[in-house]
Structure formats: C-alpha cells, structure tokens
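In what follows, a structure is listed as structure tokens, so that the remarks can point back to it.
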C-alpha cells in the first residue's frame, strides 16, 4: 500500500506500508466488486497488523447484503484478503448510524445485552453476559481495543452480574 510519494528534486521517495489500514481497504476493493462500484461502503477500519482487523461496512441499498458481498461464496472473498494478509483474522461488521448499536456490533463476536452512553462525552458502557465477558474483551484486550478504534468511542465492558451487584450497593 503506497502511503505517500515525496518529490525530492530529480528523485522521488515512495513510502509503502503493509501495516496501514488503507491496505485492508484496497484489498477489499480488489476482491469485492460491490465496494469498487460504490454499492457497499467501507465506513471504518481498525487494525492490529498480523493479528486481527475489524472492518465496518454499509450498503444504502436494502437489496444488497453488505456482509455477504464481502464474505463471498463459501468465504472466498474474505479468505483471499486473509491469505494476502498472512492469516490475519478479519471481522466484518455492519455499520450503523446509531452509535450505541454500532458499539454493540463492534464488540462481536460477543453478544452485548445493553449499551448506554455517558452524557456529554463519547463514552459508553457495554453490558455482556457473564460467560461472554472474556470474549467481548478479547485476548489481551484486543477485541475491546479494536472496537474503540473502530467506533471512536471509549467503551467500558462490564459483566451482567457485576452490574447487578453494583446496583445493589
């Protein structure tokens, strides 16, 4: 992925990157014709190179399944991108104009019970079932960290039982 080109007199310096989020976007544009044509839009990408990426996609056309278009027949399209990125895991998430709904989807594969916003700041509290807390946070906090990067919100993840005991005090 070409990040920038610097002209220095007679020569040019080309800065390339395999870790930029733009690389994931370009790979999906190459694999998914619906993205290239503008039918499906990439709204946001969060990435930890070599480990996992989350990509938020959206289609204004209700007849187009944005996730299905990106995954492809038997996972062919997403698998081609995964292979190009050396086995990096990719989570494809439906984008939502409602930030609280988007936060819940960004924490997938964990099921989120409820998301509440804190007044006056881009901060939210996500409540998940007790058995899904480690899945929502992810290994070394990776899933929650990527959800924060993807949504642009500060997200606190709490278990259902910890919220109930906090409510009793």
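Numbering (the working numbering), first residue to last: 6 to 174. The beta-carbon is built from N, C-alpha and C at its ideal position, and this holds for glycine as well. All values reported here derive from a predicted model rather than from experimental measurement.
Span of the alpha helix (DSSP H) around residue i
i	result
residue 147	147 to 156
residue 41	38 to 41
residue 139	138 to 142
residue 84	81 to 89
residue 76	71 to 76
Segment limits, beta strand (DSSP E) that includes residue i
i	result
residue 123	It is not in any beta strand (DSSP E) - residue 123 carries neither H nor E in the DSSP assignment.
residue 53	45 to 53
residue 116	Run containing residue 116: none; DSSP gives neither H nor E here.
residue 17	16 to 21
residue 61	57 to 64
residue 96	94 to 99
residue 103	That residue, residue 103, is in no beta strand (DSSP E); it is neither H nor E in DSSP.
residue 13	7 to 13
residue 164	159 to 164
Nearest neighbour of residue i, chosen from the options [CA to CA]
i	options	result
residue 114	20, 88, 136, 29	136
residue 149	123, 46, 116	116
residue 26	70, 61, 45, 17	61
residue 59	20, 78, 28, 67	28
residue 31	46, 73, 65	46
residue 153	70, 170, 107, 124	107
residue 105	126, 121, 159	121
residue 44	19, 24, 65	65
residue 72	16, 11, 37	37
residue 125	17, 158, 70, 77	158
Same chain only: Cβ atoms within 6 Å of residue i, ignoring 5 sequence neighbours per side
i	result
residue 167	none
residue 48	61, 63, 100
residue 22	6, 8
residue 51	59, 151, 154, 155
Residues of its chain near residue i, where Cβ-Cβ distance is below 8 Å and the 5 sequence neighbours each way are ignored
i	result
residue 35	41
residue 13	none
heavy atom of the ligand GTP below 7 Å from residue i C-beta
i	result
residue 119	This structure does not include the ligand GTP; it has no bound ligands of any sort.
Other residues of its chain near residue i: CB distance less than 7 Å, five sequence neighbours each side excluded
i	result
residue 177	With the chain covering 6 to 174 only, the question about residue 177 has no answer from this structure.
Check whether the region 84 to 104 and the region 137 to 147 touch, using three or more Cβ-Cβ pairs below 8 Å as the test. Cβ pair count under 8 Å is below three, so no.
Taking 8 Å as the cut-off, does the region 156 to 167 touch the region 120 to 136 (at least 3 CB pairs, one atom from each stretch)? Taking a contact to require three or more Cβ pairs closer than 8 Å, the region 120 to 136 and the region 156 to 167 qualify as touching.
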